[in-house]
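First the structure, in the form of structure tokens, and then the observations on it.
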Amino acid sequence: MLDTFVTTLAEAQRAGRRPRRWWSPRLADRVFAGAVAAFAAAIVLLTVLIAWELWRGSAAARHAFGFGFITSTQWDPVAGVFGAAPFIYGTVVTAIVALLLAGPIGIGAAIFLTELAPRAARGPVGFLVEMLAAIPSVIYGLWALFVLVPVVRTHLQPFLAENLGFLPLFSGPKYGVGLLSAALVLTVMILPTVTAISQSVLAAVPRGQREAAHALAATRWEVITGVSLPFARSGIAGALILGLGRALGETMAVTMVIGNRPGISPSLFALGDTMASVIANQFNEADSALFTSVLVEIALLLFVVTVLLNLGARLLVWRLTPHAGKR
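Shown next as structure tokens:
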């Protein structure tokens, strides 16, 4: 049999042609391209299916309340009256406050780890930052409930009320739990994301640009503000958007410290609720098809906000990237 194969191969070579093979590099490329295209299409299909299920499940709520569901502040499951405005307000306020606090701290920590920290300390500190991102949200919630809330109630809220109480933002009863505590625990939770991504982006700044700035007698501050930060601004913007996305969708930790009372108040001391926390709290208690549909519509609103946030992040990064329009 081996002799026959050798003879056939020799005849093919003499004839100036290669024996036909069922597998070729071109076929392998086509198979690989088809497989990865199928994977990408599966992700798109999964997203569309999630949106469709949420849209279908919220049909009763849309039919009953229409667009007024988004602007209504009434929430009375007993009377069958529902409005999503308090939950949208709580979600937006806690996420924005958390981003305003975590953004400067995270970017500052990333600058320290990249530009200023001793080389021996960068590894351990960076590991601790990444470890914070791996802690489950329920652990953050327990820590906030037993450690953060008492500190907020006995120290932070009285201090803010005494010095800034003339502002509606820092007035009202001092419960400890509320929008402020939820925003603070979100700050701790998104801080590792902002820090780790910003550090990676700053570390990617070409060394030659830093050395050129130093050669022109630039100070360390001028190198950071004039070279590193402008080069990494698109990546830092992406880090902030990713942190905001996690803050918008966080559930357990926020549920444990926000107070879970629907309402709109200008004060950060007030009790509140978010779109994610109301779904987690009341989905099992939904005793009617309309109540369930309302919660599904809130989930749909959160899904839409998340999608729009990601689209905005892509647009922002594209605008901040040099020569993005020429690519």
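When you line the sequence shown up against our numbering, it's residues 902 to 1228, in that order.
For each residue, glycine too, the CB sits at the ideal point set by N, CA and C.
What is the rounded straight-line gap between the Cα of residue i and the Cα of residue j?
{"i": "residue 1078", "j": "residue 1149", "result": "18 angstroms"}
{"i": "residue 1216", "j": "residue 1140", "result": "14 angstroms"}
{"i": "residue 1011", "j": "residue 1153", "result": "28 angstroms"}
{"i": "residue 1099", "j": "residue 1018", "result": "15 angstroms"}
{"i": "residue 942", "j": "residue 936", "result": "10 angstroms"}
{"i": "residue 1094", "j": "residue 1144", "result": "6 angstroms"}
{"i": "residue 1060", "j": "residue 1160", "result": "21 angstroms"}
{"i": "residue 1058", "j": "residue 1068", "result": "13 angstroms"}
{"i": "residue 1202", "j": "residue 959", "result": "10 angstroms"}
{"i": "residue 1046", "j": "residue 1056", "result": "15 angstroms"}
{"i": "residue 1204", "j": "residue 970", "result": "16 angstroms"}
{"i": "residue 1227", "j": "residue 982", "result": "Because residue 1227 sits at a pLDDT of 49, beneath the cut-off of 50, its placement in the model cannot be relied upon, and the following sentence gives the value as read from the coordinates. Their Cα atoms are separated by approximately 52 angstroms."}
{"i": "residue 1089", "j": "residue 985", "result": "27 angstroms"}
{"i": "residue 1132", "j": "residue 939", "result": "36 angstroms"}
{"i": "residue 965", "j": "residue 1192", "result": "11 angstroms"}
{"i": "residue 1179", "j": "residue 1171", "result": "16 angstroms"}
{"i": "residue 930", "j": "residue 1211", "result": "32 angstroms"}
{"i": "residue 957", "j": "residue 980", "result": "24 angstroms"}
{"i": "residue 1213", "j": "residue 1137", "result": "14 angstroms"}
{"i": "residue 1027", "j": "residue 1117", "result": "31 angstroms"}
{"i": "residue 1127", "j": "residue 1114", "result": "9 angstroms"}
{"i": "residue 963", "j": "residue 1200", "result": "13 angstroms"}
{"i": "residue 953", "j": "residue 1194", "result": "14 angstroms"}
{"i": "residue 934", "j": "residue 1184", "result": "42 angstroms"}
{"i": "residue 1102", "j": "residue 1006", "result": "16 angstroms"}
{"i": "residue 1066", "j": "residue 1054", "result": "15 angstroms"}
{"i": "residue 978", "j": "residue 1003", "result": "36 angstroms"}
{"i": "residue 1209", "j": "residue 1075", "result": "35 angstroms"}
{"i": "residue 1142", "j": "residue 1186", "result": "33 angstroms"}
{"i": "residue 1031", "j": "residue 1181", "result": "27 angstroms"}
{"i": "residue 1122", "j": "residue 1108", "result": "16 angstroms"}
{"i": "residue 967", "j": "residue 1073", "result": "34 angstroms"}
{"i": "residue 1037", "j": "residue 997", "result": "22 angstroms"}
{"i": "residue 1039", "j": "residue 1155", "result": "9 angstroms"}
{"i": "residue 1050", "j": "residue 1008", "result": "26 angstroms"}
{"i": "residue 903", "j": "residue 932", "result": "For residue 903, the predicted model reports a pLDDT of 48, less than 50, meaning its position is unreliable; a value from the coordinates is still stated below. Roughly 32 angstroms separates the two Cα atoms."}
{"i": "residue 961", "j": "residue 1048", "result": "42 angstroms"}
Who are residue i's beta bridge partners in DSSP?
{"i": "residue 1232", "result": "The question about residue 1232 has no answer, for the chain in this structure spans 902 to 1228."}
{"i": "residue 982", "result": "977"}
Between residue i and residue j, how many whole angstroms is the CB-CB distance? I'm expecting something under 8 angstroms.
{"i": "residue 1206", "j": "residue 955", "result": "Their Cβ separation, rounded to whole angstroms, is 12 angstroms, which puts residue 1206 and residue 955 out of contact at 8 angstroms."}
{"i": "residue 1163", "j": "residue 976", "result": "4 angstroms"}
{"i": "residue 1176", "j": "residue 988", "result": "5 angstroms"}
{"i": "residue 1097", "j": "residue 1034", "result": "7 angstroms"}
{"i": "residue 1124", "j": "residue 1134", "result": "Their Cβ separation, rounded to whole angstroms, is 15 angstroms, which puts residue 1124 and residue 1134 out of contact at 8 angstroms."}
{"i": "residue 1041", "j": "residue 1165", "result": "Contact doesn't hold; Cβ gap of about 26 angstroms is too wide."}
{"i": "residue 1091", "j": "residue 999", "result": "6 angstroms"}
Exposed or buried, which one is residue i when buried takes at least 16 other CB atoms within 10 Å?
{"i": "residue 1024", "result": "exposed"}
{"i": "residue 1029", "result": "exposed"}
{"i": "residue 1021", "result": "exposed"}
{"i": "residue 1225", "result": "Per-residue confidence for residue 1225 stands at a pLDDT of 48, beneath the threshold of 50, marking its modelled position as unreliable; no derived number is given."}
{"i": "residue 1081", "result": "buried"}
{"i": "residue 1174", "result": "buried"}
{"i": "residue 1084", "result": "buried"}
{"i": "residue 1015", "result": "buried"}
{"i": "residue 951", "result": "exposed"}
{"i": "residue 1151", "result": "buried"}
{"i": "residue 1071", "result": "buried"}
{"i": "residue 1086", "result": "buried"}
{"i": "residue 947", "result": "exposed"}
{"i": "residue 944", "result": "exposed"}
{"i": "residue 974", "result": "exposed"}
{"i": "residue 995", "result": "buried"}
{"i": "residue 1120", "result": "exposed"}
{"i": "residue 992", "result": "buried"}
{"i": "residue 928", "result": "exposed"}
{"i": "residue 1106", "result": "buried"}
{"i": "residue 1001", "result": "exposed"}
Closer than 8 angstroms, CB to CB, is residue i near chain B or not?
{"i": "residue 1002", "result": "This model lacks chain B altogether, as it is built from one protein chain only."}
Can you give, in chain order, each stretch of the beta strand (DSSP E) that sits fully within the segment 937-973 and has at least 3 residues?
none
Contained beta strand (DSSP E) runs [length at least 3] in the segment 1025-1095, N- to C-terminal order:
none
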